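A short write-up of the structure that comes next.
Residue numbers (mature numbering (1 follows the signal peptide of the UniProt record, and there is no 0)): -27 to -1, 1 to 186.
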């Protein structure tokens, strides 16, 4: 009889513990938390955009979608996608730094080409006047940020990565800045980041003359 009572007490304690754990998980949003439909939609787009075979039109549509999000939606998208983004960025940096010296230099030159082309395109748009998206060109929250605000936002995002990846990124950025300086161009600003990593297509590291880092 005593044994049954002890067993029943143990079962009751276990049930109570499970209930408390479930209640805590619910309160913390481990399960049962709804995800914004717009965030889910962009998550699906991201799988194609970062898969390596995306067209420039698909990448542009994804960027515009992210820019149209509210701050809360953007935070949710970033938090949900951060592990995949960190893994992909680290992989690409490792691929770049494993290239032979000559091939790495071609990649650096390619990034500088993209940055210069993007700068000229922005200059042309500025000469034609601001588009309907809002003052200063670009439209949306990101387009209305100052250069300092863009740099601050990107630094916050970069701080989320592992120290080794941040060191690789800083070294690669310094190499691209040296290439820009050799062409009489200004060093990279926050606005140039999209052109630097926006992409191209290709199979392996450095292949295809324009794969994204």
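For glycine and all other residues, C-beta sits at the position ideal for the given N, C-alpha and C.
A quick note: this is a predicted structure, and the numbers were derived from the prediction, not measured.
It is roughly 17 Å from the alpha-carbon of residue 155 to the alpha-carbon of residue 165. Boundaries of the alpha helix (DSSP H) around residue 147: 136 to 155.
When secondary structure is reduced to three states using DSSP, residue 160 falls in the coil class, being assigned neither helix nor strand.
Counting every other CB atom within 10 Å of its CB across the protein chains shown gives residue 27 a total of 16 or more, marking it as buried.
When DSSP states are grouped into helix, strand and coil, residue 99 belongs to the helix group. Secondary structure note for residue 22: its alpha helix (DSSP H) is the uninterrupted segment 10 to 22. Closest in alpha carbon position to residue 21, among 34, 125 and 77, is 34. For residue 134, the closest of 87, 56 and 36 by C-alpha to C-alpha distance is 56. Under the 8 Å Cβ criterion, the segment 75 to 92 does not count as touching the segment 44 to 62, having fewer than three qualifying pairs. Under the DSSP assignment, residue 33 falls in the alpha helix (DSSP H) whose first and last residues are 29 to 40. Looking at 67, 10 and 158, the one whose alpha-carbon comes closest to that of residue 141 is 67. Residue 54 is not a Cβ neighbour of residue 11, given a cutoff of 9 Å. Its chain contains 88, 146, 149, 150, 153 and 169 as the residues whose beta carbon lies nearer than 8 Å to that of residue 161, once the 5 sequence neighbours on both sides are disregarded; these appear in chain order. Taking each of 15, 163, 137 and 92 in turn and checking the Cα distance to residue 65, the smallest one comes out for 137.
Burial is judged here by how many other beta carbons sit within 10 angstroms of a residue's own beta carbon; residue 19 has at least 16 and is buried. Shortest Cα-Cα distance from residue 49 to any of 75, 8, 73 and 17 involves 8. It is roughly 21 Å from the alpha-carbon of residue 93 to the alpha-carbon of residue 121.
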